[in-house]
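Notes follow once the structure below has been shown.
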Amino acid sequence: MLLSVFCVFHLFLTSTAAAASAFLSAAQSVTDCTSCLDFLGTLREIAREGTDPFIANLTSFCVSLHAEDPDVCTGIIAREGPILAHDLRQINTSGPTALRLCDALFGQCVDRPVRPFTVRFPKPAPAHPKVFTSRGRPTVRVVHISDVHIDRMYTVGAEANCTKSICCREFDDSPAVPTVPAGPNGNVRCDPPVTLADSMLAEVERLHPRFSRLTGDGTCARRISWAL
Ligand SMILES: *[C@@H]1O[C@H](CO)[C@@H](O)[C@H](O)[C@H]1NC(C)=O
Ligand SMILES: *[C@@H]1O[C@H](CO)[C@@H](O)[C@H](O)[C@H]1NC(C)=O
Ligand SMILES: *[C@@H]1O[C@H](CO)[C@@H](O)[C@H](O)[C@H]1NC(C)=O
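Heads up: the sequence shown runs through residues -18 to -1, 1 to 210, numbered per mature numbering (1 follows the signal peptide of the UniProt record, and there is no 0).
Given below as structure tokens:
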């Protein structure tokens, strides 16, 4: 997800920490559409040096500005940097894609009209679509569990009030004494522990002993994207 890198960029701009660099002053000079397109050009120059320098530069700025914890900066930019560098090398930094990027990143160039696009379907919709009528069979009971985000590394007693997007894990920089210890059944700032998922499944079984379908989809510990 590029969005997480965009968030880091946004933090660069809102951070009050001072860092003397061409990159930072270019980022801070983004005040309108033109300066935003210029900044994309600056980013592209770094990307053209290679993906590794691009990642090294961005990580270094992220860390020095305390935009995120160092492990989050390193992980997120290592993960998202290559595709961002690739895109920057490809796009015309004054073309329509660059305008959209400036809109998403900086809220600049937003007044551009949406380009109309016609989607062609392979065949027209049926003139007389089939009408479904109940034959009176028993209702099929379905349990749909979605986006459980189970965190197998959830640790009871770990810091739940951490500075990362997901807490309740033992990180290298975790405090020795947590301000808010993670409880046994989860915390709103964390992905749920396995015990909570097990408990939910037990309750589903108790409430719906005749359920006939169990589908699961969604993500596992997605918010820890910087460390995957
Ligand atoms: C930033 O990228 C340049 C190459 O464009 C490289 O020489 C420089 O070492 C990088 N800076 C950091 C902090 O990685
Ligand atoms: C880049 O986009 C601008 C604005 O749409 C256009 O004038 C220019 O020709 C494009 N350049 C290339 C190399 O496609
Ligand atoms: C959470 O941590 C912050 C510092 O990061 C602290 O200011 C705040 O008091 C803590 N919250 C609780 C409930 O302890």
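All C-beta atoms, glycine included, are put in the ideal place defined by N, C-alpha and C.
For clarity, every value in this text was computed on a predicted model and none was experimentally measured.
{"Check": "Residue 77 CB to nearest heavy atom of ligand 2 below 8 Å", "Outcome": "yes"}
{"Check": "Integer-rounded CB distance, given that residue 129 should sit under 8 Å from residue 173", "Outcome": "That pair is no contact at about 10 Å."}
{"Check": "Exercise answer, beta-carbon shell around ligand 3 heavy atoms below 7 Å", "Outcome": "143, 145, 161, 162"}
{"Check": "DSSP three-state assignment for residue 110, whether helix, strand or coil", "Outcome": "coil"}
{"Check": "Residue of 45, 84, 71, 74 minimising C-alpha distance to residue 9", "Outcome": "84"}
{"Check": "For residue 50, the three-state DSSP class (helix, strand or coil)", "Outcome": "coil"}
{"Check": "C-alpha gap between residue 82 and residue 91, whole angstroms", "Outcome": "7 Å"}
{"Check": "Near ligand 2: residue 39 beta-carbon under 8 Å from a heavy atom", "Outcome": "no"}
{"Check": "Exposure label - residue 102; buried when at least 16 CB within 10 Å", "Outcome": "exposed"}
{"Check": "In DSSP terms, what residue 163 is bridged to", "Outcome": "141"}
{"Check": "6 Å CB neighbourhood of residue 93 in its chain, flanking five on each side removed", "Outcome": "none"}
{"Check": "Span separating the alpha-carbon of residue 165 from that of residue 41", "Outcome": "33 Å"}
{"Check": "Delimiting residues of the alpha helix (DSSP H) encompassing residue 157", "Outcome": "Taken as a continuous stretch (DSSP letters only), residue 157 belongs to no alpha helix (DSSP H), as it is neither H nor E."}
{"Check": "Local conformation of residue -18 per DSSP, three classes", "Outcome": "Any reading at residue -18 must be qualified, since the residue scores a pLDDT of 35, below 50, and its modelled position is unreliable; the value itself is stated next. It is coil, neither helix nor strand."}
{"Check": "Heavy atom of ligand 2 within 8 Å of residue 169 beta-carbon", "Outcome": "no"}
{"Check": "Neighbourhood of residue 161 by C-beta, 6 Å cutoff - its chain only, sequence neighbours within 5 removed", "Outcome": "143"}
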